[in-house]
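Q: Under the numbering used here, the first residue of the sequence shown is numbered 62, with each subsequent residue one higher.
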Amino acid sequence: MDFEVQSEIGTLKKVLLHRPGLEIEQLSPRYLPEMLFEDIPWLKKIQEEHDAFAATLRSKGVEVWYYHDLLREVCRLEEARNELIDEVMRECRIGDEGLKGDVRRYLEALDPEKLAEVLITGLRKRELHPEDGSRLAHFIKDAHPFYINPLTNLYFARDPGAMIGRNLSINAMKAPARAREAKILEAIYRHHENFSQDPPELLYQPSDLDSIEGGDILVLGPDTVAVGCSERSSTEGIERLARRLLHRGYRTVLVIQIPFRREYMHLDTVLTMVDRDAFFVFPDIRRKVSMFRLTMQGDEELRVSPLDSLEEALKEALHLPAVRIIESGGDDDLTAAREQWNDSTNTLALAPGRVVTYDRNTASNEILRRNGIEVVEIEGSELVRGRGGPRCMSMPLLREEV
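(1) Take the Cβ of Ala116 as the centre, count every other Cβ of all protein chains shown within 10 Å, and call the residue buried at 16 or more, exposed below.
(2) In chain order, what residues of the same chain have a beta carbon less than 7 Å from the beta carbon of Gly183, not counting five sequence neighbours either side?
(3) Is the region 406 to 416 close to the region 322 to 338, with three or more CB pairs under 8 Å?
(4) Which word fits Thr296, buried or exposed, when buried means at least 16 other C-beta atoms lie within 10 angstroms of its C-beta?
(5) Hey, Ala218 and Leu78 are a contact pair by Cβ (cut 8 Å); roughly how many whole angstroms apart?
(6) Among the candidates Met326, Leu270 and Glu124, whose CA atom is the shortest distance from the CA of Gly450?
(7) First and last residue of the alpha helix (DSSP H) that includes Phe114?
(8) Using the DSSP secondary-structure output, state which residues sit across from Ile249 in a beta bridge.
(9) Cβ of Ser268 within 8 Å of Cβ of Arg293?
(10) From Trp126 to Val280, what distance separates their C-alpha atoms?
(11) Closest to Met224 by CA distance: which of Met352, Asp277 and Glu188 is it?
(12) Just checking, does the region 342 to 356 make contact with the region 389 to 407 on the three C-beta pairs under 8 Å criterion?
(13) Nearest-angstrom Cα distance between Leu429 and Tyr419?
(14) So, Asp163 versus Leu189, is the Cβ gap smaller than 8 Å?
(15) Using 10 angstroms around the beta-carbon of Arg460, count the other beta-carbons present and answer buried if the total reaches 16, otherwise exposed.
(16) Using the beta-carbon count (16 or more within 10 Å), is Arg455 buried or exposed?
(17) Touch check for the region 429 to 448 and the region 90 to 109: three-plus C-beta pairs under 8 Å?
(18) Check for me: the alpha helix (DSSP H) holding Met150 runs from which residue to which?
(19) Contact between the region 136 to 156 and the region 245 to 263 is defined here as three or more beta-carbon pairs at a separation below 8 Å; is this criterion met?
(20) Are three or more beta carbon pairs between the region 348 to 362 and the region 296 to 308 nearer than 8 Å?
(21) Relative to the C-alpha of Val331, which candidate in Ser405, Gly433, Pro260 and Leu307 has its C-alpha closest?
(22) Reducing DSSP to helix, strand and coil, say where Glu388 ends up.
(23) Nearest to Val23 by alpha carbon, out of Gly390, Leu375 and Pro90?
(24) Run through the DSSP bridge pairs and tell me what Arg354 is partnered with.
(25) With Ser230 as the anchor, note down where its alpha helix (DSSP H) starts and where it stops.
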């Protein structure tokens, strides 16, 4: 079976990544907030770090797929090309019909490799029109420089989609800057030959509109999913996802509400599962979360039950007599906060008790080791500038059952 994820910690066998590309060089200080960045990575170094991350995964027996490769192959198919061009034309919101026609004709003339590149890297105004004086933007340099915005966040491949059991959630992204990421994944799912044989069942799609993102989805086991209610995933999206999961045989959806703040943008920035009975948690968050159990009463009505403690909620979800909560950062609040900002708790499980982390978070990595967790470190001085760690950068497609 090619697509199945029944837990957070089953041995990782197949993963989808995006290698940062020229879209990173479209970042500039003026547009950082719009593109959800606080800093600008150095392209050469971020690619080296990402290549080392992918090599680490391969060395552990993981098959690595890349967004750009799949997208390029999909762009060879006329139906998929047309769908993607239609989508990007809706997104770019050009009112001038003549200009809109120019952009469309430019895209339609591109070969598959170049079209895939533009869909990710974006389209600068100066690329479409030479310096012939035909557009005011050539003279007013403060104008927005893009007809098609770059997907600078795509290397955080976790968020556009999530495998939940044999189901694929193609997510409705909160920020307009990331909406096209999910549309690209949807085109890959619908048109790429890798998904033509025994594909996963579609659980959620961007047209559902209510926002939910992969960083807020943790597959705790075959019958239980945890979902973070965060600044990126809405209550409406969580309820819609929960109903569909519960109708497909899941027993419980555990909702963990976290503060709606940038540094806690997804649940997996403050809590990840690292072993059969163990979770790595940013200690400050334990005083700030609320938990709720979602179950079905009848065929359509959700039942929402508040829960008192994180430990009890996780223990119940995993059907265990006890769980271990390992706190990041040691006993020092400043160290914990600094390392959380650098994604100490955003671990990617390779297998039960074995995780990938950034090497820079020395205190948190040592705590994991002291608690019996094998830590596989990667360098991330440039990768972390986008505010995401190993889990954020990976979308598992296949894990072994635990």
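All residues carry an ideal CB built from backbone N, CA and C; glycine is no exception. No experiment lies behind these values; they were computed from the predicted model shown.
A: Working from what's here:
(1) As a first step, residue 116 must be located in the sequence shown, where it is residue number 55. Counting Cβ neighbours within 10 Å, Ala116 comes out exposed, since fewer than 16 surround it.
(2) Sequence index remark: in the sequence shown, residue 183 carries index 122 (1-based). Closer than 7 Å at Cβ, skipping near neighbours: Glu84, Gln87, Phe207, Ile209, Asn210 and Pro211.
(3) yes
(4) Taking the sequence shown and counting its residues from 1, the one referred to as residue 296 is at position 235. Exposed, since its Cβ has fewer than 16 Cβ neighbours within 10 Å.
(5) Taking the first residue of the sequence shown as position 1, residue 218 is located at position 157. Taking the first residue of the sequence shown as position 1, residue 78 is located at position 17. Rounded, the Cβ-Cβ distance is 5 Å, consistent with contact.
(6) Numbered from its first residue, the sequence shown carries residue 450 at position 389. Answer by Cα proximity: Met326.
(7) In the sequence shown, residue 114 corresponds to position 53, counting from 1. Note, Phe114: alpha helix (DSSP H), Leu104 to Ser120.
(8) For the purposes of this step, residue 249 is taken as the residue at position 188 of the sequence shown. According to DSSP, Ile249 bridges with nothing at all.
(9) Mapped onto the sequence shown, residue 268 falls at position 207. Mapped onto the sequence shown, residue 293 falls at position 232. No.
(10) The residue labelled residue 126 in the question sits at position 65 within the sequence shown. The residue labelled residue 280 in the question sits at position 219 within the sequence shown. Cα to Cα, Trp126 sits roughly 21 Å from Val280.
(11) Position 163 of the sequence shown, counted from the first residue, corresponds to residue 224. Checking every option, the nearest Cα to that of Met224 belongs to Asp277.
(12) Per the Cβ contact rule, the region 342 to 356 is in contact with the region 389 to 407 (3 or more Cβ pairs under 8 Å).
(13) Here residue 429 refers to the residue found at position 368 when the sequence shown is read from its first residue. Here residue 419 refers to the residue found at position 358 when the sequence shown is read from its first residue. For Leu429 and Tyr419, the distance between alpha carbons rounds to 13 Å.
(14) To locate residue 163, count along the sequence shown from 1; it is residue 102. To locate residue 189, count along the sequence shown from 1; it is residue 128. Yes, the pair counts as a contact, with Cβ atoms nearer than the cut-off.
(15) Translated into the one-based positions of the sequence shown, residue 460 becomes position 399. Looking at its Cβ environment, which holds 16 or more other Cβ atoms inside 10 Å, Arg460 is buried.
(16) Position 394 of the sequence shown, counted from the first residue, corresponds to residue 455. In the sequence as presented, Arg is not what sits at residue 455; that position holds Ser. Result: buried.
(17) Between the region 429 to 448 and the region 90 to 109, the count of Cβ pairs shorter than 8 Å is three or higher; the stretches touch.
(18) Position 89 of the sequence shown, counted from the first residue, corresponds to residue 150. It spans Glu139 to Cys153 - the alpha helix (DSSP H) in which Met150 sits, taken as one unbroken run.
(19) yes
(20) Touching, per the Cβ criterion.
(21) Your numbering for residue 331 matches position 270 in the sequence shown. Per the Cα distances, Ser405.
(22) Taking the sequence shown and counting its residues from 1, one reaches residue 388 at position 327. Reduced to three states, the DSSP call for Glu388 is strand.
(23) The chain is shown from 62 up to 463; residue 23 falls before or after that span and cannot be answered.
(24) The residue you call residue 354 lines up with position 293 of the sequence shown. In the DSSP output, where bridge partners are listed per residue, Arg354 has Leu315 and Ser366.
(25) Taking the first residue of the sequence shown as 1, we reach residue 230 at position 169. First-last for Ser230: Asn228 to Ile231, but that is the beta strand (DSSP E), not the alpha helix (DSSP H).
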